[in-house]
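Heads up, the thing below is written out as structure tokens.
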Amino acid sequence: MGPTERREQILAVAARHFEGRSYSEVSTYAIAEEAGVGRPLIHYYFGTKRDLYLEVVRRFAMVPPDVPAAAVRGIAEDALDERIHASIDYWLSVTSRHQSMWISTISFDAPTRDREIAQIIEQADEIAADRMLEALGLTTHPQRKRLHAMFLAFGGLARAAAWQWLERHALTREEVTVLLSQSLLTIIKDIAPQFDS
32 MGPTERREQI LAVAARHFEG RSYSEVSTYA IAEEAGVGRP LIHYYFGTKR
82 DLYLEVVRRF AMVPPDVPAA AVRGIAEDAL DERIHASIDY WLSVTSRHQS
132 MWISTISFDA PTRDREIAQI IEQADEIAAD RMLEALGLTT HPQRKRLHAM
182 FLAFGGLARA AAWQWLERHA LTREEVTVLL SQSLLTIIKD IAPQFDS
């Protein structure tokens with residue numbers, strides 16, 4: 032196995048460990064053992080346990096470039112309502128699948144959030160707003176910059192709504208889907224057009 036594949040393997044194992052346990056319970060020894068490597072190799076690729084954790088958070092938080100296309104595959108470009116619904120549904124599926132990691136690091140009220148994680152999340156939010164513009168076919172929209180800023184604000188609503196669903200159980204997934212889909216549609220169709228491009 033080459034260095035890139037080995038590094039990815041260590042990251043995949045580390046992600047499972049960090050997602051299933053609290054940070055203090057995770058052992059680099061256990062990660063190394065499961066990955067079939069020595070602990071020095073983990074330190075060589077990632078540095079400290081903290082550095083490895085931050086890389087896992089970064090990987091989890093960042094929206095990969097292929098996601099917008101995957102989320103709206105087969106949906107007509109002019110079907111904005113459907114594209115929004117599919118994008119929100121995709122995000123909720125990922126959030127649900129990685130619920131413990133999301134709650135501990137990404138959510139609006141994450142208990143383990145610190146400055147470094149906050150910077151990762153801020154960068155991830157910027158990328159997510161760009162990816163959403165892409166998924167909805169709005170990358171050349173005359174109000175692209177304004178929509179980008181509004182999508183960043185929408186991200187706060189999305190995190191709070193997901194928290195109400197996953198952690199507080201005050202909303203159902205269906206309610207969160209409708210809340211977020213309708214809010215995003217309103218931003219695009221009703222709010223952004225009120226301002227000059």
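Residues in the sequence shown are numbered from 32 upward in steps of one, following my numbering. Each residue gets a CB set at the ideal place from its N, CA and C atoms; glycine is no exception.
Coarse secondary structure for residue i, derived from DSSP in three states
{"i": "residue 34", "result": "helix"}
{"i": "residue 170", "result": "coil"}
{"i": "residue 129", "result": "coil"}
{"i": "residue 187", "result": "helix"}
{"i": "residue 198", "result": "coil"}
{"i": "residue 50", "result": "helix"}
{"i": "residue 106", "result": "coil"}
{"i": "residue 163", "result": "helix"}
Assumed close pair residue i, residue j - CB separation to whole angstroms, cut-off 8 Å
{"i": "residue 123", "j": "residue 207", "result": "6 Å"}
{"i": "residue 210", "j": "residue 185", "result": "No, residue 210 and residue 185 are not in contact; Cβ-Cβ is about 11 Å, not under 8 Å."}
{"i": "residue 84", "j": "residue 54", "result": "6 Å"}
Cβ-based neighbour list, residue i, same chain, cut-off 8 Å, excluding 5 preceding and 5 following
{"i": "residue 116", "result": "208 and 212"}
{"i": "residue 226", "result": "174 and 177"}
{"i": "residue 70", "result": "59, 60 and 63"}
Contact test: residue i Cβ vs the ligand FAD heavy atom, cutoff 7 Å
{"i": "residue 172", "result": "What this structure holds is no ligand at all, so the ligand FAD is not there to describe."}
Straight-line Cα distance separating residue j from residue i
{"i": "residue 161", "j": "residue 78", "result": "31 Å"}
{"i": "residue 155", "j": "residue 149", "result": "10 Å"}
{"i": "residue 81", "j": "residue 180", "result": "31 Å"}
{"i": "residue 75", "j": "residue 97", "result": "30 Å"}
{"i": "residue 38", "j": "residue 44", "result": "10 Å"}
{"i": "residue 67", "j": "residue 50", "result": "19 Å"}
{"i": "residue 103", "j": "residue 204", "result": "19 Å"}
{"i": "residue 202", "j": "residue 147", "result": "30 Å"}
Own chain, CB closer than 7 Å to residue i, minus 5 neighbours either side, in chain order
{"i": "residue 48", "result": "57, 61 and 62"}
Are there three or more Cβ pairs, one per stretch, closer than 8 Å when the segment 218-227 is compared with the segment 192-201? Contact fails: fewer than three Cβ-Cβ distances are below 8 Å.
Give a yes or no on contact between the segment 88-100 and the segment 51-67, applying the rule of three or more CB pairs nearer than 8 Å. Verdict: no, contact absent.
Between the segment 158-176 and the segment 102-111, do three or more beta carbon pairs fall short of 8 Å? Judged by pairs of C-beta atoms under 8 Å, the segment 158-176 touches the segment 102-111, as three or more such pairs exist.
Check whether the segment 80-88 touches the segment 169-179, counting contact only when three or more Cβ pairs, one atom from each stretch, lie closer than 8 Å. With the cut-off at 8 Å, the segment 80-88 and the segment 169-179 do not touch.
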